[in-house]
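Numbers in this note's numbering are just positions in the sequence shown, counted from 1, shifted up by 9. Each residue gets a CB set at the ideal place from its N, CA and C atoms; glycine is no exception. See structure below.
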Amino acid sequence: MSSSAAPVPSSTTSAVDASGSSQNLAKAPPPTADSKRNYKGFVAGVFSGIAKLSGEFDTVKVRLQTSKDGHFRGPLDCVMQTVRKEGVSGLYKGATPPLVGWMVMDSVMLGSLTLYRRLLLENVFSRPSIRAITPFAKYQPDPHALPSFGHGIAGIMAGTTVSFIAAPVEHVKARLQIQYAADKSKRLYSGPIDCIRRLMGTHGITGLYRGLCATILFRSFFFFWWGSYDVLTRMMKERTSLSAPAINFWAGGISAQIFWITSYPSDVVKQRLMTDPMGGALGDGQRRFRWWKDAAVAVYRERGWRGYWRGFVPCFLRAFPANAMALVAFEGVMRWLPYMAVARTMRRTSPITIILACFLAFGFLCFLLSSPSPPASSSPPPTADSRLEDTAEHPLSPPTKPFIPQPVYKDGRQPPPPVVKYNLNSLTTSSDATSKGERVLILTPLARFYQGYWDNVEKLTYPHELISLGFIVPHTKEGNAAVAALEKAISKTQTGAVSNRFASISILRQDFDPPLQSQDEKERHKLANQKARRESMSRARNSLVFTTLGPSTSWVLWLDSDIVESPPTLIQDLTSHNRPVIVANCFQRYYNNDNKRQEVRPYDFNSWIDSPTAQALGDSMDPDDILLEGYAELPTYRSLMAHMADTKNPRPTRVIDLDGVGGTALMVKADVHRDGAMFPPFPFFHLVETEGFARMAKRLGYSVYGLPDYFVYHYNE
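Next up, the structure:
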């Protein structure tokens, strides 16, 4: 690690002075008994850990990394909210584990780093053939000094070693730091010992070591820390007249910032994984992430690439002074302790090597052999844990956003549901919905179940974990049969392949009687039945959308239960236009007895462009009368999108402006509904249901569009 011959006893020095030769090495005095001990790095590491404690920055960093959007406006707001609600002591939550842990962690990390440096120098980089292929080694010709690349490798090895101590320490620290309750009796953990006891009692050693792999990945970036520390130390020794402590200070601070710049995204993922609810008997909620990659994907979907840098400012500010002082302390103690020669052969195994190997073996065995904690009975299979962010656990929560169960107080009381703030300004609706992870809510009023409908929905290629389904069914004999068939289909899908499972499925039952008991097609489409039937449909649609629309929903797709065929890319195709309201053209396949072949014909005539005739007809009506399309009794002479289709040379991306829409395959931006656009169950400008919805959306300032050459197909009764 260091040498008395060098002006700066640091990681760059060797057993001899840089200007020495092999002859000088041969004449070096034999190492004393004390010099054969590898204790110096471990002892000096304790002082490095003490010098590193600055808990207030770490608490702010962890809270920014793990909080929801809108909770804090930035680092300063996080500090102010914490002090205002929890006092100054709130900034030091979880400080006990780092105070004890960093002493142990830095002792093991810097001690093992010193050991690995020596082992690599003596057994690997002392060989000319290896040095010849080592990157950048030609700039460090001294064969008795470990090259900077070797320091980086030693950093990776030391980072892996210390991870077995760092993982539980940082896990406990993170869980204590995200307890926001000012009243200590309302916190799940009373302190670090209680946190360890609860984690061990409910999830065993694997629960305490949750995030170990993420910790190892994060600390593998020690390559950049110790590699750059060596480069900077060499440069400052050669080009400046700074004292040894000053060089340690500046090289340590700058190299630490290089480390955090390269490793910070992995730290964000690690903290998200460690602060995720454990689930099971602990009672802190349902687990969302099983592996670190699940947390990494969630960070990107929630905030994009910026999410990986959330909380970087306080971390970066803390990195320089904390680590600079830590390395000054470490190197200072290394110079103060008795001289230790590092140039000796490995003919005898060091006792510290045996102890370290035993410790690592014990850690691996405990981690691999301990039985995992049993999952909660309501949890899906482990491979589906990442889908839990779309499920609901409380009747008050929307089905597209989870209710996080609150822990039971020590006196047995159950706290009330929390007040959750949602930042809808961060919600996106874009032409690239898939890559941005935009959630889609498919809503279907269901009176009769068609297997073709369900098969068609299952074939949608939009990520199913981003799709929630909602149904509303009347309390009729046919409705009961439809629910039974629907539940059977749902059970098969939601217990099948994970990629086919939907985020959540809600089934509502109408609390009012339908005006028509029969679902016969001719009965449904009688002119005399239309007003009552469509007003009832409006009530059902409104109940469905305002019950199931969640704060994370970006798009709402209204899909009729008798749509049995559509392109698998239906969602991607409709959202790609990025229009507030857009509808596909609904046709029907049928057998033409005259031509003796299968043909297609228009089916939905509710998508249209208004006409002066229709407007004049409406002006002559009583206030409670409604205009309907497709009936000879009401000649509106509107331009119907159904008749604008080019079935021979279709252009599926062709878009037209509309004044009225049908609901067979209607894509709506969720904000249109949030702004109040509903399906009027009363005459609204002589329009009801979907046509009235289009008029209401336009009155709210939104435009309405149609795709005349983009087809979906209705079931042929």
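If you draw a 10 Å sphere on the C-beta of R660, you find fewer than 16 other C-beta atoms in it, and that means exposed. The continuous beta strand (DSSP E) containing G715 extends over residues 713–723. Ranked by Cα distance from A333, the first of I267, L553, A305 is I267. Counting of Cβ neighbours within 10 angstroms places T437 among the exposed residues, the total staying below 16. According to the DSSP assignment, T453 belongs to no alpha helix (DSSP H) but to the beta strand (DSSP E) extending over 448–454.
Taking a cut-off of 8 Å for Cβ pairs, the stretch 625–644 and the stretch 578–596 do not touch, as fewer than three such pairs fall below it. Collapsing the DSSP output to three states places Q624 in a helix. Using a C-beta cut-off of 8 Å, the stretch 207–214 makes no contact with the stretch 143–163, since fewer than three inter-stretch Cβ pairs fall below that distance. Residue nearest to W564 within the set S585, S552, D571 is S585 (criterion: CA-CA distance). Its Cα nearest to that of L226, the residue W301 stands out among A255, W301, A686, S570. When secondary structure is reduced to three states using DSSP, N587 falls in the coil class, being assigned neither helix nor strand. By the neighbour-count definition (other C-beta atoms within 10 Å, threshold 16), P632 is an exposed residue.
Only residues of its own chain outside the window of five on either side were considered, and among them Q539, L643 have a CB closer than 6 Å to the CB of L637, listed in chain order. Boundaries for M705: no beta strand (DSSP E) harbours it, while the alpha helix (DSSP H) harbouring it runs 698–708, taken from the DSSP string.
By the criterion of a C-beta distance shorter than 6 Å, H160 is surrounded in its chain by S20, W235, G236, D239, once the five residues flanking it on both sides are discounted.
By DSSP's assignment, N601 forms a beta bridge with R606. Note on L709: under 16 other CB atoms within 10 angstroms of its CB, so exposed under the neighbour-count rule. In this structure, R588 sits near Y714, with a CB-CB distance shorter than 7 Å.
Going by C-alpha positions, T557 is about 8 Å away from S515. The Cβ atoms of I174 and V117 lie closer than 7 Å to each other. Secondary structure note for R228: its alpha helix (DSSP H) is the uninterrupted segment 221–228. Judged by beta-carbon spacing, F231 lies within the 7 Å limit of G168, meaning their Cβ atoms are closer than that value. In this chain, the beta strand (DSSP E) harbouring G479 covers 476–482.
Bridge pairing for C595: V721 [DSSP].
In the assembly as shown, I202 is an exposed residue. Its beta-carbon has fewer than 16 other beta-carbons within 10 Å.
Residue range 201–217 is occupied by the alpha helix (DSSP H) that includes T211.
Rounded to whole angstroms, the gap between the alpha carbons of L130 and D582 is 60 Å. Bounds of the beta strand (DSSP E) holding K678 are 674–678.
H180 sits buried, since 16 or more C-beta atoms from the chains shown fall within 10 Å of its C-beta. In this structure, F329 lies away from Y273, with their beta-carbon atoms at least 7 Å apart. Relative to A305, the option among V277, L326, C204 whose CA is nearest is V277.
Here V565 carries a strand assignment [DSSP, helix/strand/coil]. Between V609 and R598, the CB-CB gap stays under 7 Å. Per DSSP, E574 lies in no alpha helix (DSSP H); the unbroken beta strand (DSSP E) holding it starts and ends at 572–574. Excluding sequence positions up to five before and after G627, its CB lies within less than 6 Å of the CB of L636, H695, all in the same chain and listed in chain order.
By the C-beta density criterion, E726 is exposed, having fewer than 16 other C-beta atoms within 10 angstroms.
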